[in-house]
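Peer 1: Numbering (the working numbering), first residue to last: 29 to 118.
Handing you a structure now.
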């Protein structure tokens with residue numbers, strides 16, 4: 029399994045989850061876990077995904093999701109699970 033962390037943050041609007049999930053499905057990326065909240069009109073989502081079956085590299089997935097984020101007005105980041113864990117250690 030090749031786990032990656034996808035985070036999506038920005039002003040809430042219709043279709044954010046749909047755009048991200050359609051991209052993931054079209055690229056054989058499985059969603060293992062997902063959490064999302066909306067606070068004060070701001071959308072925040074974190075997903076744990078498995079990219080093992082995707083033909084695309086993490087860098088390409090991150091770039092393409094970043095472009096989707098630009099199109100819909102949110103920031104989308106993709107990080108390797110280990111990097112995410114190290115960044116959020118106390």
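Glycine included, C-beta positions come from ideal geometry on N, C-alpha and C.
Values in this document were obtained by computation on a predicted structure and should not be read as measured data.
Give the C-beta separation of residue 93 and residue 34 to the nearest angstrom, bearing in mind that I take them to be a contact with Cβ-Cβ under 8 Å.
Peer 2: 7 Å
Peer 1: Which same chain residues, not among the five before or five after residue 73, have their C-beta less than 6 Å away from its C-beta?
Peer 2: 36 and 64
Peer 1: Let me know if residue 41 comes out buried or exposed under the rule of 16 or more other beta-carbons within 10 Å of its beta-carbon.
Peer 2: With fewer than 16 other Cβ atoms within 10 Å, it is exposed.
Peer 1: Can you tell me where the alpha helix (DSSP H) with residue 48 in it begins and where it stops?
Peer 2: 44-54
Peer 1: Look up residue 97 in the DSSP assignment and say whether it is helix, strand or coil.
Peer 2: helix
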